[in-house]
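Engineer: Input: one structure, supplied below.
Protein chains: 2
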Amino acid sequence: MSDYEKIMSTYETTPESEIQSRIKQFQKILKREGIEGALIQQLIDRFYFSGTIQDGIIIIPAEGAPVYLCRRSVVRAQQETPLEIVPFRSFKEVPGALEDLGVRADSTLGLELDVIPAALYQRFASMLGEVKWVDLGPLVREVRSVKSPYEVERIRAAGIQVGKVMETAEKILTEGMREVDFASGLEKRARELGHQGILRMRGFNQELFYGHIITGEHSALMSHIDAPSGGVGVNPSIGQGAGFRIIGAGEPVSVDFVGNVGGYLIDQTRLMVVGDLDGKLEEGFDQARSIQDRVIEAIKPGATWSSLYDLAVSAAAELGVPDRFMGPPGEQVRFVGHGVGLEVDEFPFLAPRLDMELLPGMVFALEPKIFHPGKGITGIEDTFLVTESGSERLTVTDREIIRV
Amino acid sequence: MSDYEKIMSTYETTPESEIQSRIKQFQKILKREGIEGALIQQLIDRFYFSGTIQDGIIIIPAEGAPVYLCRRSVVRAQQETPLEIVPFRSFKEVPGALEDLGVRADSTLGLELDVIPAALYQRFASMLGEVKWVDLGPLVREVRSVKSPYEVERIRAAGIQVGKVMETAEKILTEGMREVDFASGLEKRARELGHQGILRMRGFNQELFYGHIITGEHSALMSHIDAPSGGVGVNPSIGQGAGFRIIGAGEPVSVDFVGNVGGYLIDQTRLMVVGDLDGKLEEGFDQARSIQDRVIEAIKPGATWSSLYDLAVSAAAELGVPDRFMGPPGEQVRFVGHGVGLEVDEFPFLAPRLDMELLPGMVFALEPKIFHPGKGITGIEDTFLVTESGSERLTVTDREIIRV
Chain A
1073 MSDYEKIMST YETTPESEIQ SRIKQFQKIL KREGIEGALI QQLIDRFYFS
1123 GTIQDGIIII PAEGAPVYLC RRSVVRAQQE TPLEIVPFRS FKEVPGALED
1173 LGVRADSTLG LELDVIPAAL YQRFASMLGE VKWVDLGPLV REVRSVKSPY
1223 EVERIRAAGI QVGKVMETAE KILTEGMREV DFASGLEKRA RELGHQGILR
1273 MRGFNQELFY GHIITGEHSA LMSHIDAPSG GVGVNPSIGQ GAGFRIIGAG
1323 EPVSVDFVGN VGGYLIDQTR LMVVGDLDGK LEEGFDQARS IQDRVIEAIK
1373 PGATWSSLYD LAVSAAAELG VPDRFMGPPG EQVRFVGHGV GLEVDEFPFL
1423 APRLDMELLP GMVFALEPKI FHPGKGITGI EDTFLVTESG SERLTVTDRE
1473 IIRV
Chain B
1073 MSDYEKIMST YETTPESEIQ SRIKQFQKIL KREGIEGALI QQLIDRFYFS
1123 GTIQDGIIII PAEGAPVYLC RRSVVRAQQE TPLEIVPFRS FKEVPGALED
1173 LGVRADSTLG LELDVIPAAL YQRFASMLGE VKWVDLGPLV REVRSVKSPY
1223 EVERIRAAGI QVGKVMETAE KILTEGMREV DFASGLEKRA RELGHQGILR
1273 MRGFNQELFY GHIITGEHSA LMSHIDAPSG GVGVNPSIGQ GAGFRIIGAG
1323 EPVSVDFVGN VGGYLIDQTR LMVVGDLDGK LEEGFDQARS IQDRVIEAIK
1373 PGATWSSLYD LAVSAAAELG VPDRFMGPPG EQVRFVGHGV GLEVDEFPFL
1423 APRLDMELLP GMVFALEPKI FHPGKGITGI EDTFLVTESG SERLTVTDRE
1473 IIRV
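Keeping their order, the protein sequence lines are chains A and B.
The first sequence maps to residues 1073 to 1476 in this note's numbering.
The second sequence maps to residues 1073 to 1476 in this note's numbering.
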């Protein structure tokens, strides 16, 4: 068993040094923003800062040790996090806990206003009337955007997992099968390789089930989510991904698959076909890959997020496909890449007017996709790590059309 | 192909008469509560009131026709909903749209404050400063709690789907396989039968992946979610459901599986074993089933939600297992049933101090579970429809231990 296979099949807890370093980084940001304490409640943020998702609130003061107010399961939390656990039952205990940490009643405190429900915010606002509340969303995203070597290793393992899933795809794809039956085989393989199934997205109403296994003309349809593909799905309450369409020979079969190891995600898309692809679609794949090549060359610390987007858009224009890039005409999405980590919509976003700079340790998916309305999608997606001098591809499948 | 098999493998849109009747019911509630208009944004509420989940806001005035402000995909929305679609790009257009519908600037309006992010609420509050905002959460839950015959048929089909999944379970369960490998086989079967994969829960930080396929001593562990079982999961970022534990002979194998057809869910748990179960565990299953029997007899319109919970708790006390009912000692959850529909945590809740009454058309899962710390869980769960005179079971698997 390789080290990566071990990571895929082990229930491992986050090392204490990881947790301490994440909290230290976040405390620097809290101080910079003049926030005296952060109340962390969202499941994934809890996992990031503690190593466990057990129900409760992590109070991180700008200085000093955090406290995990834990409702359930206290036993599990104690096993999984190095943070101090204080069992609690009711939100009414929060003001007292803050006082114990030396936080004043008229402090500036942070809540994840981008993800906690409005009703929960109202409860805090009425319970702690003098507090000034700041949205932690962008700050949590900032600290989480730079991955540690430990995190990169998990994402790398997820890349190997997706590589193995694609080997299965090559074996099982046949003409005449339904999209959902093809998808079910890949999902099964991923689970056997330790995939947790549930993918987290931070955006309201955003969701994803493994990815988009979509074919033929259905693959050129958009959905409700912010993604450069949609597909139809098995019913209108899901409205994306694999559906009941029967896969024919010579059609684009787009396999956008999100791997997952130890909570960490990776995103890859490959184009498959049973038999031969139409020349125009072949060309579409080559165009997507050449746009990806152009952007890859420009990945390095200091490059702004939007500069990579602008580069992709210019490349698409040069290739004569500006109106079919990242969506069918009139329905194009305005990004060409997104950070991946514990969630699939992390910083950085390769999108217009974002002048933040890439930093070493950032990890993002780069997914140029060309649309052929009525025929399908031809795209490619890989996940890259920003290194000191450029980038490293973390996805492992050959960047070619897979023909079966 | 039976009618149910057709429903399972068809992308069908909700009939217009369904949508009209749901909106009419909801408008009665809006009037009763003195709310002049509702802004519906959560994905599943959008689906319920329109038949589509395309991105946007449905404005439902207390009187008159609703309008669907749709951002994407407008094309899909037009195909899937009978409501009037108005394409829109920005939240800034909302005040104008409200004015067009004759809603005054100082109205009482509703938002789903239980599920929309705090930051989104703040945006509405600053944009429409004079409006009084009311939480629509409990009102949406109220209207959705009584299912139409159309909805019941979808839930019934989901019951048949889970029945077929359990037939597969009987075929594939063997000693020595890992929980996650067993789970992956059931998940694959469900997908082939049209399962959408993603299960929706309304509660903040609540999530579920198909259910809990958990075994041996791991099945007696609780997790972060509000459920009477947890399991370990494949990593601490997921913390529930199937993990890497190897299934042994003579151990409880608890298969809690949520079926899904056309967006509608159903919940069922069966206990399996390879070989023979320990006498104490056999007894635990009989106790759970006898508690379920006692509650089933009491299901009828007019019974209060809490009366059924109280009945289950008394039955557990009479059987001598009050401290191991619905959780291990010290970690028990305080409910014995929950509504199912488009979400798995719907009204009614069979929980303490809820004096609301059951109504014909309500659908809920009833899941008495007995814990044997260090050994496992023995429980049973079925989903019931409240009829005019009593109840009807919608899950179809025999209420027995499944021995392989």
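C-beta atoms are modelled at their ideal positions from N, C-alpha and C, and glycine is treated no differently.
Given the structure is predicted, the values throughout are model-derived calculations rather than measurements.
Rounded to the nearest angstrom, how far is the Cβ of phenylalanine 1397(A) from that of isoleucine 1442(A), given a contact under 8 Å?
Structural biologist: Cβ-Cβ separation between phenylalanine 1397(A) and isoleucine 1442(A): approximately 6 Å, consistent with a contact (criterion under 8 Å).
Engineer: Classify proline 1221(B) as helix, strand or coil using the three-state DSSP reduction.
Structural biologist: helix
Engineer: Spell out whether any CB of chain E is found under 8 Å from the CB atom of isoleucine 1188(B).
Structural biologist: Considering every chain present, this structure includes no chain E. Its protein chains are A and B.
Engineer: Chain A beta carbons: is any one of them nearer than 8 Å to that of glycine 1334(B)?
Structural biologist: yes
Engineer: Run through chain B and tell me which residues come within less than 7 Å of glycine 1123(A), C-beta to C-beta.
Structural biologist: Pro1308
Engineer: Cβ of isoleucine 1270(B) less than 8 Å from any chain A Cβ?
Structural biologist: Chain A contact via Cβ: present.
Engineer: Nearest by alpha-carbon distance to leucine 1141(A): which of Met1428(A), Gly1106(A), Val1166(A), Gly1174(A) is it?
Structural biologist: Val1166(A)
Engineer: On the DSSP letters alone, give me the boundaries of the alpha helix (DSSP H) that glutamine 1194(B) sits inside.
Structural biologist: 1190–1199
Engineer: Distance check for proline 1420(B) and serine 1301(B), CA to CA, integer angstroms please.
Structural biologist: 20 Å
Engineer: Chain A partners of leucine 1192(B), CB-CB under 8 Å?
Structural biologist: Ala1190, Phe1276
Engineer: Ends of the alpha helix (DSSP H) at serine 1122(B)?
Structural biologist: Run containing serine 1122(B): 1115–1122, per the alpha helix (DSSP H) assignment.
Engineer: Between the alpha carbons of valine 1405(A) and tyrosine 1083(B), how many angstroms are there, rounded?
Structural biologist: 26 Å
Engineer: Please list, in chain order, the residues of the stretch 1244–1265 of chain B that have any C-beta partner in chain A closer than 9 Å.
Structural biologist: Arg1250, Val1252, Asp1253, Ala1255, Ser1256, Gly1257, Glu1259, Lys1260, Arg1261, Ala1262, Arg1263, Glu1264
Engineer: Please decide whether valine 1304(A) counts as near chain B, where near means a Cβ-Cβ distance under 8 Å.
Structural biologist: The C-beta of valine 1304(A) comes closer than 8 Å to at least one C-beta of chain B.
Engineer: Check this for me: beta carbons of glutamate 1090(B) and tyrosine 1222(B), under 8 Å apart or not?
Structural biologist: Pairing glutamate 1090(B) with tyrosine 1222(B) gives a Cβ-Cβ distance under 8 Å.
Engineer: Using 8 Å for Cβ pairs, my map puts alanine 1384(A) next to valine 1367(A). What's the rounded Cβ distance?
Structural biologist: 5 Å
Engineer: Could you tell me whether the Cβ of threonine 1085(A) comes closer than 8 Å to any Cβ of chain B?
Structural biologist: yes
Engineer: Span of the beta strand (DSSP E) holding phenylalanine 1098(A)?
Structural biologist: Element bounds for phenylalanine 1098(A): not the beta strand (DSSP E) but the alpha helix (DSSP H), 1088–1104.
Engineer: Let me confirm a value: glycine 1303(A) is counted as buried when at least 16 other C-beta atoms fall within 10 Å, else exposed. Which label applies?
Structural biologist: Glycine 1303(A) is buried by the Cβ-count criterion.
Engineer: According to DSSP, is arginine 1216(A) part of a helix, a strand, or is it coil?
Structural biologist: helix
Engineer: Counting only the same chain and skipping the five closest in sequence on each side, list residues whose C-beta sits under 6 Å from that of glutamine 1477(B).
Structural biologist: There is simply no residue 1477(B) to check, as chain B begins at 1073 and stops at 1476 in what is shown.
Engineer: Compile a chain-ordered list of the residues in the stretch 1308–1328 of chain B whose CB is closer than 7 Å to at least one CB of chain A.
Structural biologist: Residues Pro1308, Ser1309, Ile1310, Gly1311, Gly1315, Phe1316.
Engineer: Give the DSSP bridge partners of glycine 1411(A), in chain order.
Structural biologist: Looking at the DSSP output, glycine 1411(A) sits in a beta bridge with Glu1418(A), Phe1436(A).
Engineer: Below 8 Å on the Cβ atoms is my contact criterion, and I expect valine 1237(B) with arginine 1261(B) to pass it. Report the Cβ-Cβ distance as a whole number of Å.
Structural biologist: 5 Å
Engineer: Please determine if the stretch 1253–1272 of chain A and the stretch 1330–1340 of chain A are in contact, where contact requires at least 3 C-beta pairs separated by less than 8 Å.
Structural biologist: yes
Engineer: Taking 8 Å as the CB-CB limit, is glutamate 1214(A) close to chain B?
Structural biologist: Not closer than 8 Å to any Cβ of chain B, the Cβ of glutamate 1214(A) fails to qualify, so no.
Engineer: Assign glutamine 1340(B) to one of three DSSP states: helix, strand, or coil.
Structural biologist: strand
Engineer: Starting from lysine 1164(A) and walking both ways along the alpha helix (DSSP H), at which residues does that stretch end?
Structural biologist: For lysine 1164(A), no alpha helix (DSSP H) encloses it, and the DSSP letter there is neither H nor E.
Engineer: Identify the residues that DSSP records as bridge partners of alanine 1110(A): which are they?
Structural biologist: Alanine 1110(A) has Ile1132(A), Gly1182(A) as its beta-bridge partners, per DSSP.
Engineer: At the 8 Å Cβ level, is arginine 1425(A) part of the contact set with chain B, yes or no?
Structural biologist: no
Engineer: Starting from serine 1463(B) and walking both ways along the beta strand (DSSP E), at which residues does that stretch end?
Structural biologist: 1463–1465
Engineer: Quick one: Cα of glycine 1462(A) to Cα of leucine 1438(A), how far?
Structural biologist: 14 Å
Engineer: Indicate the three-state DSSP secondary structure (helix, strand or coil) for serine 1362(A) in the structure shown.
Structural biologist: helix
Engineer: If you drop the 5 nearest sequence neighbours on each side, which residues of the same chain put their C-beta closer than 7 Å to that of glutamate 1259(B)?
Structural biologist: Tyr1282
Engineer: According to DSSP, what are the bridge partners of arginine 1475(B)?
Structural biologist: Val1345(B)
Engineer: Note down, in chain order, every chain A residue with its Cβ under 7 Å from the Cβ of serine 1379(B).
Structural biologist: Ordered by position in chain A, no residue passes the 7 Å Cβ test against serine 1379(B), which lies about 25 Å from the chain.
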